[in-house]
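**Q** Chains as they are written, first to last, in full-length UniProt numbering: chain F, 1 to 126; chain C, 1 to 126.
Even glycine gets a Cβ: it sits at the ideal position worked out from N, Cα and C.
Given the structure is predicted, the values throughout are model-derived calculations rather than measurements.
Number of protein chains: 2
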Amino acid sequence: MDVNIDYHRYMPTALSLTDVSAAACCAPLAEAALERTEAETLAALLKGLADPARLQLLSIVAASEGQEACVCDLIEPIGLSQPTVSHHLKVLTEAGFLTRSKRGTWAYYRLVPEALSRMAELLQFP
Amino acid sequence: MDVNIDYHRYMPTALSLTDVSAAACCAPLAEAALERTEAETLAALLKGLADPARLQLLSIVAASEGQEACVCDLIEPIGLSQPTVSHHLKVLTEAGFLTRSKRGTWAYYRLVPEALSRMAELLQFP
DNA sequence: CCGAGATATCGATGATTGTCGATGTTCAGT
DNA sequence: ACTGAACATCGACAATCATCGATATCTCGG
Numbered sequence: 001m002d003v004n005i006d007y008h009r010y011m012p013t014a015l016s017l018t019d020v021s022a023a024a025c026c027a028p029l030a031e032a033a034l035e036r037t038e039a040e041t042l043a044a045l046l047k048g049l050a051d052p053a054r055l056q057l058l059s060i061v062a063a064s065e066g067q068e069a070c071v072c073d074l075i076e077p078i079g080l081s082q083p084t085v086s087h088h089l090k091v092l093t094e095a096g097f098l099t100r101s102k103r104g105t106w107a108y109y110r111l112v113p114e115a116l117s118r119m120a121e122l123l124q125f126p
Numbered sequence: 001m002d003v004n005i006d007y008h009r010y011m012p013t014a015l016s017l018t019d020v021s022a023a024a025c026c027a028p029l030a031e032a033a034l035e036r037t038e039a040e041t042l043a044a045l046l047k048g049l050a051d052p053a054r055l056q057l058l059s060i061v062a063a064s065e066g067q068e069a070c071v072c073d074l075i076e077p078i079g080l081s082q083p084t085v086s087h088h089l090k091v092l093t094e095a096g097f098l099t100r101s102k103r104g105t106w107a108y109y110r111l112v113p114e115a116l117s118r119m120a121e122l123l124q125f126p
């Protein structure tokens, strides 16, 4: 919709302990038994995904132009209150599935496709 | 002027754990936006996976001979009580990730590899 | 048929989570 | 500066969940 968008903005990524990239070391799940710590990391990521609203949010963002969407366009289709949507977006961002960038009063969330790819990869048992 | 946002109430859906096969119809996640029902189904599956103990259980079973293991061999490595392990195995089974077969007094749980493959597939965004 | 072992179920409890309204913060116009 | 809009954060509440001990169920061997 808005054409002159400044894409050169610096995007702050708030990486928490349970970010997808933190699991980058893990081998596919069951070559050997998972250690407790690895299991906890992976479980935290899955937990971030295991909510209908968050899956819908991811889905909408992924289907949007440039795999990016404004919060204002997310609230209505989800059908939850604005604080709740904001909360879910935060969870997804902290888990590394989305990144946030603010332009004006609007906040845009963009998909991190590698995050989902990595999740899928980690779920593959040999 | 006035805030005419239509806040929807949260509906406590007591959805029982859905089997992976029930999601067999769903297309990869984000070609179009996920419907509420699909999101709930997928979320239920992810929730079944989103626990460290359950991931470890899956991992051990997957690494066992014939991708099958006896409960008696699962309790000690997990480090939780027998009822708790039994509970987790039930969750995994109801979600379709394991199948159960009893031989004598022992219960054997076997991996359903397609279940995990399908999960991974559903997580792929184009 | 009785006792022992393996596992499932039950009931309780503390922790986590999803949700909301109220409030705080930041930004763009006027 | 003031106002309104967009979004985040806070505090509270109800629902769900992971966990355990106690107990029930099932199966085998004696």
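#1: Distance, Cα to Cα, F/Q56 vs C/R103?
#2: Where do the ends of the alpha helix (DSSP H) carrying C/T41 lie?
#3: Is it the case that the segment 68-80 of chain C contacts the segment 70-84 of chain F, given that we only count it when at least three CB pairs across the two stretches are under 8 angstroms?
#4: I'd like to confirm the pairing. Which residues does DSSP put opposite C/L111 in its beta bridges?
#5: Return the Cβ separation of F/L58 and F/F97 in integer angstroms, given the expectation that the two are a contact with Cβ distance under 8 angstroms.
#6: Select from F/E65, F/H87, F/L46 the residue whose C-alpha is nearest the C-alpha of F/I75.
#7: From F/Q124 to C/T99, what does the alpha carbon distance come to, in whole angstroms?
#8: Buried or exposed for C/T41, please, with buried defined as at least 16 other CB atoms from any protein chain shown within 10 angstroms of its CB.
#9: Does the Cβ of F/G48 have 16 or more other Cβ atoms within 10 Å, making it buried, or fewer, making it exposed?
#10: Out of curiosity, what's the CA-to-CA distance linking C/V61 and C/V112?
**A** Here's the rundown:
#1: For the purposes of this step, residue 56 of chain F is taken as residue 56 along the first sequence, with counting starting at 1. For the purposes of this step, residue 103 of chain C is taken as residue 103 along the second sequence, with counting starting at 1. About 43 angstroms.
#2: Position 41 of the second sequence, counted from the first residue, corresponds to residue 41 of chain C. Looking at the DSSP string, the run of the alpha helix (DSSP H) that includes C/T41 is 36-49.
#3: no
#4: Position 111 of the second sequence, counted from the start, is the residue given in the question as residue 111 of chain C. Note: C/L111 sits in a beta bridge opposite C/L98.
#5: By one-based count along the first sequence, residue 58 of chain F stands at place 58. By one-based count along the first sequence, residue 97 of chain F stands at place 97. That pair is a contact at about 6 angstroms.
#6: Your numbering for residue 75 of chain F matches position 75 in the first sequence. For F/I75, the nearest C-alpha among the options comes from F/H87.
#7: Within the first sequence, residue 124 of chain F is the residue found at index 124, counting from 1. Within the second sequence, residue 99 of chain C is the residue found at index 99, counting from 1. C-alpha separation (whole angstroms): 18 angstroms.
#8: Position 41 of the second sequence, counting from 1, holds the residue named residue 41 of chain C. That one is buried.
#9: As a working mapping, residue 48 of chain F is identified with position 48 in the first sequence. F/G48 is buried by the Cβ-count criterion.
#10: Counting from one through the second sequence, the residue named residue 61 of chain C turns up at place 61. Counting from one through the second sequence, the residue named residue 112 of chain C turns up at place 112. Near 10 angstroms, if we compare the C-alpha coordinates of C/V112 and C/V61.
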